[in-house]
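Here the working numbering is used: the first residue of the sequence shown is 89, the next is one more, and so on. All C-beta atoms, glycine included, are put in the ideal place defined by N, C-alpha and C. Report on the structure given below.
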Amino acid sequence: MTFRAIRILKEVDLIAAEDTRQTKKLCNYFEIETPVTSYHEHNKEVSGKKLLEKLEDGKNVALVSDAGMPCISDPGYDIVVEAVAEQYHVIPLPGANAALTALIASGLETKQFYFYGFLQRNKKERKMELEKLRYVQTTMMFYEAPHRLDDTLISMQEVLGNREIVLCRELTKKFEE
């Protein structure tokens with residue numbers, strides 16, 4: 089957490105958080121008294137409208153992510169797209185990013201890389217996505233949930249063949265490995 093991010097979170101009128109419980113812990117630690125509201129994958133349509141109304145009323149809203157950076161494989165992307173479309177000024181406050189951290193620690197080529205995010209859960213759809221990447225020769229990065237990792241690695245082997253891989257877990261967090 090940067091000094092600038094702490095200052096901004098103290099100055100805004102509202103913090104929109106993926107998990108308000110986690111964000112409130114963070115706010116308490118840094119003595120941030122700004123109200124926190126929920127904005128996540130399951131309420132983003134309703135909550136997003138309310139956040140845009142706050143912006144319309146001249147309020148400043150901060151968007152925080154549970155892990156990593158808002159908008160990178162994160163529901164925050166949708167509200168930022170809407171805010172930009174409405175011509176609100178979006179100020180990014182960069183912080184921890186697992187994909188870039190993994191790239192740096194991997195020992196793989198960093199000059200060119202391809203970040204995909206999460207593949208589809210459905211095996212057939214996941215394989216179709218991977219087929220589109222079959223001939224990509226640069227370093228590729230994916231996010232995956234632990235309970236789907238085995239199936240995803242099997243799909244990758246079947247479609248992409250033998251490639252050097254690096255697995256990283258919980259980067260920038262307590263149980264990083």
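- Cα atoms of residue 159 and residue 106: separation of roughly 11 Å, rounded to the nearest angstrom.
- For residue 241, the enclosing alpha helix (DSSP H) has its first and last residue at 237 to 248.
- Residue 180 sits away from residue 132, with the two beta carbons spaced by 9 Å or more.
- Here residue 197 has 227 as same chain residues with Cβ atoms under 6 Å from its own Cβ, once five neighbours each way along the sequence are excluded.
- If the five residues before and after residue 168 are omitted, its C-beta is found closer than 8 Å to the C-beta atoms of 151, 158, 159 and 178, all from its own chain and listed in chain order.
- If you keep only unbroken alpha helix (DSSP H) runs of at least 4 residues inside the region 89 to 135, you get 91 to 99 and 108 to 117.
- For residue 150, the beta-bridge partners assigned by DSSP are 103.
- Residue pairing by DSSP places residue 203 opposite 229 in a beta bridge.
- In the structure shown, residue 138 adopts helical secondary structure according to DSSP, grouped into three states.
- For residue 259, the three-state secondary structure derived from DSSP is coil.
- Its chain contains 150 and 181 as the residues whose beta carbon lies nearer than 7 Å to that of residue 96, once the 5 sequence neighbours on both sides are disregarded; these appear in chain order.
- With contacts defined as CB atoms closer than 9 Å, residue 126 and residue 155 fail to qualify as a contacting pair.
- Scanning 256, 144, 218 and 90 for the CA closest to the CA of residue 170 turns up 144.
- Here residue 216 carries a helix assignment [DSSP, helix/strand/coil].
- Closest in C-alpha terms to residue 220, from the list 99, 193 and 202, comes 202.
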